Amino acid sequence: MFLPQWDAIFLRLAVRLSSRLPFVNIYLPIAEMSVNILVLFGMGAGVGFLSGMFGVGGGFLMTPLLIFYNIPPAVAVATEANQIVASSFSGALAHFRRGTVDIKLGVVLLIGGIAGSVIGVAIFSELRKAGQLDLIISILYVVFLGSIGTLMCIESINAIRKSRRSPEEVAPLPEQKNWITNLPFKVRFEKSQLYLSVIPILVLGMLVGILASIMGVGGGFIMVPAMIYLLRVPTNVVIGTSLFQIMFVTAFTTIAQSATNQTVDVVLAFILMVGGVIGAQFGARAGTKLKGEQLRALLGLIVLAVCARLGWDLVNMPTELFSLDLGGH
Amino acid sequence: MKRFLIVVLSFFIAPIFMMKGAVAQERPKSSIQMGLSDEVIEISSSFDGTDIIVFGSIENPDPMLVSEQQMLGQGRYDVVVVLSGPMQEVTVRRKEKILGIWANGASVKFGDVPASYAYATTRPLFEIAEAVDVKLLQIGLENLSVVPREVEEVEGTAETAEDLQRVFRESLARLKIDKDLFEENIGGVQFLSPTLFKVELPIPANVPIGEHTARVFLFADGKFLDAQFEKISVRKIGFEQFTYNLAHSNGLLYGIIAVLVAMFTGWAASVIFRKD
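Here the protein sequences line up with chains A and L, keeping their order. For the first sequence, the numbering used here begins at -2 and goes up steadily by one. For the second sequence, the numbering used here begins at 2 and goes up steadily by one.
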């Protein structure tokens, strides 16, 4: 079986061509390697474009790309958390100005998130010592990208079909009470007009915190649907509130990773940030010209492609079975 | 009185030593001297690897060996130059297929592995000296005395512990070569004159930080004669040094700065690209 690794071929070609230019190679102080600044900037801008277009964080695409570019997975994950601080901060600011952030709900999510981040960073350190970090990162990505990509594709195909038949029909949220409404420690969230137990909110926040520290993602792709379908948070405050939580959780994760594992590379993060925020602007403009369902189908396909590549690397016999791990690094 | 005696005695003794030297015609032992093109290698943001030139000369050469060397290439002086990085502990892991997925299985942790090791010679090692001597001097990738410290085996494999260690040790060298951290250059040491030699050794982009050592070894007729060494300091400078040191000495502060940089970038983006 042969699967051409086009991304690798393309990357190699781009690197070959541009490394002749001056000031192109930059040394990353934490990753301790010389990289091509244009490639990284391009990756940041490309993922930023997609995230602007689809309104997603992009961490789940950026981290695998960094790994494909031979950045050590430990550095890729921790650095990506740092980049997400930048992208979610500008998003959260915009929502804050518009008043579409439920601060109280966000703070409860954040408490869970910080607990999750502490747990996640500890798991990260242990996996790293055991030499299984790269594997677990890959498996988590394959599982999450695979299921989310599939769901996105199915959902958007259904939506496209439905919109052809009756464009006005919108599925109302089922109103029946679920098990979540029976949990204790209820708190009133005025902005969201909810009277809800803090337990599911804390658990959700914690789950996202763990993902942020082990996978280098914001976790919006889990938090947003969970807030809408499980917590019944009004859709107008969902994005703003989740960005609020993501920003603080990734900020906390960045600090915790720096203090525990020394794996955050600020130089790498900065290049990606600048590329990311610029790409996101153009992506957002391009996104307004495409239909929502088509966008989601396209994103679903991209997610599945990244998943397939990571999955292939897991099951395909590697050309080099051995690897070096510097003790204490 | 005492002083007078010493002076008188030395008048008698000194000529005896002089005469002895003259009579026996004993040539002073050949030795080696060395120099480096750089004693400090600084890693800045544009660092993409470099070369270091190790040069030197043979002092008090035996004229027989020098002339023969030019004529026959046998019974001659040989020089080996070794450049080795700081010692490290390295764990070598091997992937094994577990439930259809390639995951890290057995591992061997080695102590005293030079982070980098490059050597160059005038001829293949086996022509220069006896294998025992070369091993004793730890010249060559096979002769590094890396010590297996911890061995984690996977159950159900038929390999003996020795087999495992040997395979992992070979893989360690292979992987280091792949990363340009181990390098051999047989015949790379050039003689510019009968006694002057020079070699250019590569310093890769991923050179490990720390104190490196350059050693030169002199051999003649298959025998080890002399060795010298010089230290080379490889360090990050400027921003790279600051970032690296801060990250490793005060990770908390480093993390806070990283977050502030990110927040500033995010804020700047929202100001620059504001829609209204």
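Note that CB positions come from ideal geometry on N, CA and C, so glycine has one too. All values reported here derive from a predicted model rather than from experimental measurement.
Under 8 Å between C-beta atoms of residue i and residue j
i, j, result
"residue 243 (chain A)", "residue 216 (chain A)", "yes"
"residue 154 (chain L)", "residue 104 (chain L)", "no"
"residue 57 (chain A)", "residue 142 (chain A)", "yes"
"residue 247 (chain A)", "residue 261 (chain A)", "no"
"residue 116 (chain L)", "residue 87 (chain L)", "yes"
"residue 189 (chain A)", "residue 102 (chain A)", "yes"
"residue 144 (chain A)", "residue 290 (chain A)", "no"
"residue 90 (chain A)", "residue 89 (chain L)", "no"
"residue 205 (chain A)", "residue 219 (chain A)", "yes"
"residue 45 (chain A)", "residue 276 (chain A)", "yes"
"residue 259 (chain A)", "residue 249 (chain L)", "yes"
"residue 27 (chain A)", "residue 121 (chain A)", "no"
"residue 318 (chain A)", "residue 95 (chain L)", "yes"
"residue 49 (chain L)", "residue 31 (chain A)", "yes"
"residue 168 (chain L)", "residue 111 (chain L)", "no"
"residue 166 (chain L)", "residue 91 (chain L)", "no"
"residue 179 (chain L)", "residue 31 (chain L)", "no"
"residue 33 (chain L)", "residue 229 (chain L)", "yes"
"residue 130 (chain L)", "residue 225 (chain L)", "yes"
Collapsed DSSP secondary structure at residue i in the structure displayed
i, result
"residue 66 (chain A)", "coil"
"residue 320 (chain A)", "strand"
"residue 369 (chain A)", "In this structure chain A extends from -2 to 326, so residue 369 (chain A) is not present and cannot be described."
"residue 31 (chain L)", "coil"
"residue 70 (chain L)", "With a pLDDT of 49 at residue 70 (chain L), under the threshold of 50, the predicted position of this residue should be treated as unreliable, and no value is reported."
"residue 187 (chain L)", "coil"
"residue 22 (chain L)", "Residue placement at residue 22 (chain L) is poorly supported in this model, since its pLDDT is 46, which falls under 50; the coordinates still yield a value, given next. Here residue 22 (chain L) sits in helix by DSSP."
"residue 63 (chain L)", "coil"
"residue 232 (chain L)", "strand"
"residue 89 (chain L)", "strand"
"residue 133 (chain L)", "helix"
"residue 250 (chain A)", "helix"
"residue 105 (chain L)", "strand"
"residue 288 (chain A)", "coil"
"residue 28 (chain A)", "coil"
"residue 151 (chain L)", "strand"
"residue 161 (chain L)", "coil"
"residue 99 (chain L)", "strand"
"residue 271 (chain L)", "helix"
"residue 261 (chain L)", "helix"
"residue 251 (chain L)", "coil"
"residue 142 (chain A)", "helix"
"residue 180 (chain L)", "coil"
"residue 214 (chain A)", "coil"
"residue 36 (chain L)", "strand"
"residue 122 (chain L)", "strand"
"residue 313 (chain A)", "coil"
"residue 258 (chain A)", "coil"
"residue 94 (chain L)", "strand"
"residue 140 (chain L)", "coil"
Residue nearest to residue i in terms of C-alpha spacing, selected from the options
i, options, result
"residue 228 (chain A)", "A:264, A:96, A:185, A:260", "A:185"
"residue 100 (chain L)", "A:136, A:245, A:151", "A:136"
"residue 59 (chain A)", "A:245, A:107, A:320, A:299", "A:299"
"residue 292 (chain A)", "A:42, A:51, A:46", "A:51"
"residue 173 (chain L)", "L:152, L:93, L:181", "L:93"
"residue 56 (chain L)", "L:160, L:217, L:181", "L:217"
"residue 77 (chain A)", "A:6, A:273, A:151, A:157", "A:273"
"residue 263 (chain L)", "A:110, A:245, A:138", "A:245"
"residue 105 (chain A)", "A:182, A:234, A:294, A:202", "A:202"
"residue 9 (chain A)", "A:74, A:280, A:33, A:23", "A:33"
In DSSP terms, what residue i is bridged to
i, result
"residue 192 (chain L)", "L:198"
"residue 256 (chain L)", "Beta-bridge pairing links residue 256 (chain L) to no other residue."
"residue 45 (chain L)", "Paired residues: none, contrary to the question."
"residue 203 (chain L)", "L:52"
"residue 95 (chain A)", "DSSP output for residue 95 (chain A) lists no bridge partner at all."
"residue 115 (chain L)", "L:88"
"residue 185 (chain A)", "A:192"
"residue 212 (chain L)", "L:234"
"residue 227 (chain L)", "L:219"
"residue 79 (chain L)", "L:220"
Distance cut-off 7 Å: residue i Cβ against heavy atoms of the ligand ATP
i, result
"residue 210 (chain L)", "Annotation note on the ligand ATP: not contained in the displayed structure, which lists no ligands."
Open item on the list: I'd like to know if the region 233 to 246 of chain L and the region 62 to 70 of chain A are in contact, where contact means that at least 3 CB-CB pairs between them fall below 8 Å.
Closed with: No: fewer than three Cβ pairs fall under 8 Å.
- [ ] Determine contact between the region 262 to 272 of chain A and the region 34 to 41 of chain A, defined as no fewer than three beta-carbon pairs at a distance below 8 Å.
- [x] Cβ pair count under 8 Å is three or more, so yes.
Open item on the list: Would you call the region 218 to 225 of chain A in contact with the region 122 to 131 of chain A, where contact means no fewer than 3 C-beta pairs closer than 8 Å?
Closed with: no
TODO: Would you check if the region 198 to 211 of chain L and the region 232 to 239 of chain L touch, i.e. whether three or more CB-CB distances between them fall below 8 Å?
DONE: A contact between stretches requires three or more CB pairs, one per stretch, nearer than 8 Å, and the region 232 to 239 of chain L meets this requirement with the region 198 to 211 of chain L.
TODO: Taking only beta carbons into account, state which residues of the region 126 to 148 of chain L come closer than 8 Å to chain B, listed in chain order.
DONE: The structure shown contains no chain B; the protein chains it does contain are A and L.
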